[in-house]
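Sequential numbering from 159 applies to the sequence shown in this note's numbering. Here is the structure we will look at.
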Amino acid sequence: MTANRTVRPRPGSHIWRRIDGQFTVVGHKESGLGYVDKFPGASDVDRLAAQMQQPGGYTIGQGVDQIEVEDILNWDDLTHPDKDVAAVILGPNKPPFGEWEELSEWPETV
Numbered sequence: 159m160t161a162n163r164t165v166r167p168r169p170g171s172h173i174w175r176r177i178d179g180q181f182t183v184v185g186h187k188e189s190g191l192g193y194v195d196k197f198p199g200a201s202d203v204d205r206l207a208a209q210m211q212q213p214g215g216y217t218i219g220q221g222v223d224q225i226e227v228e229d230i231l232n233w234d235d236l237t238h239p240d241k242d243v244a245a246v247i248l249g250p251n252k253p254p255f256g257e258w259e260e261l262s263e264w265p266e267t268v
């Protein structure tokens, strides 16, 4: 069963949809917690400090241009690059590569 929800950006954040038809590369930045957990004996304080110093998340890019984003709202562009679908991201700034349009909301199926 799927549920629909509407994503709206919080103040200081924006929803961007790529409109130039180019493929968007995604990367995953491991959180500091992922590194600390590899060493036995790390305390809860160590884990929390590592998570706060490097929270992890996603990057998107094209070529050498890479930026961090808060969330990826449309994974179809990333999982089905042969289909004509657009990347949709949630982030503080318009990506510096490609052509993007700003949206006020995004209907997400979860």
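Note that CB positions come from ideal geometry on N, CA and C, so glycine has one too. Please read these numbers as outputs of a predicted model, since none were measured by experiment.
query: Beta-carbon contacts of Pro213 that lie in its chain and below 7 Å, excluding the five residues immediately before and after; result: Ser189
query: Contact between the stretch 183 to 201 and the stretch 253 to 266 (3+ Cβ pairs under 8 Å); result: no
query: From Val246, Lys187, Pro169 and Ile173, residue whose alpha carbon lies closest to that of Gln209; result: Lys187
query: Residue burial classification, Ile173 (beta-carbon count within 10 angstroms, cutoff 16); result: buried
query: Alpha-carbon spacing of Ile177 relative to Gln220, whole angstroms; result: 14 Å
query: Residue from Glu226, Val243, Ser262 and Arg163 with nearest C-alpha to Asn232; result: Val243
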